[in-house]
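Add 111 to the 1-based position in the sequence shown for the numbering used here, that's all there is to it.
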Amino acid sequence: MSSLNLKSLAHVVVVAGLSLGLSACFRPLYGPTASGESLQTVLASIEVPMTDWPPSLANAGHYLRSEMIYALNGSGSDTPKRYKLALKLSESRSSPVVDSTTGTASSVIVAGTLTYTLTSLDGKTVVTQGTATSSTSFDRFPQRFANIRAGRDAEIRLAKDLAQQVKTRLSATLATAS
Numbered sequence: 112m113s114s115l116n117l118k119s120l121a122h123v124v125v126v127a128g129l130s131l132g133l134s135a136c137f138r139p140l141y142g143p144t145a146s147g148e149s150l151q152t153v154l155a156s157i158e159v160p161m162t163d164w165p166p167s168l169a170n171a172g173h174y175l176r177s178e179m180i181y182a183l184n185g186s187g188s189d190t191p192k193r194y195k196l197a198l199k200l201s202e203s204r205s206s207p208v209v210d211s212t213t214g215t216a217s218s219v220i221v222a223g224t225l226t227y228t229l230t231s232l233d234g235k236t237v238v239t240q241g242t243a244t245s246s247t248s249f250d251r252f253p254q255r256f257a258n259i260r261a262g263r264d265a266e267i268r269l270a271k272d273l274a275q276q277v278k279t280r281l282s283a284t285l286a287t288a289s
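Spelled out as structure tokens, the structure:
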């Protein structure tokens, strides 16, 4: 019986030793960056310039820029800018379900693809770039204004999701940058 206890004790010691050894490999995302500066300060130093969106993307682009600014600097503090974030959005709508009696779509899927590039403020050095994708849906109703509002709500949800994805990716990149 004592050999069983020694075996289980040995297993516990090995697992504890491995977990302690591996714990140094992980860095908290919202801790200090490699340079010692807080990640919130680094994210707040990203400028999201106005973009001249095409008319079909004007509302979605407005929501996206607003959500990005809030995600990066929700405090509204006036932090000196060190980076510039360029955004390029594409959006598509599809209607997978059509009511056979009326011939109208009963739901709509709004899909968005956001390509982003983070550069130094002068634009000479690319820090990171990538693409975020997301989709959301809304139900269509017989009332025209209800459909307009439901579509707008779907665009806002899409913008929030894309902004959070980009913020997380920028946080991971900037947390390790010096």
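Yeah, the Cβ is synthetic: ideal placement off N, Cα and C, and Gly gets one too.
For Val126, the three-state secondary structure derived from DSSP is helix.
For Thr224, there is no enclosing alpha helix (DSSP H); the residue is part of the beta strand (DSSP E) that begins and ends at Ser218 to Ser231. Leaving aside the five residues that flank Gln240 on each side, the residues in its chain whose CB is nearer than 6 Å to its CB run, in chain order, Thr228.
In the displayed model, Thr152 falls within a helix according to three-state DSSP. Check the Cα spacing between Ser218 and each of Val237, Ile259, Tyr174 and Asp163: the tightest is with Ile259.
For Ile267 against Ser246, the beta-carbon gap comes to about 14 Å, at or over 8 Å, which does not count as contact.
Between Phe252 and Ala265, the C-beta spacing is not below 8 Å. When Cβ pairs closer than 8 Å are counted between the two stretches, the segment 174-187 is seen not to touch the segment 209-218, the count staying below three.
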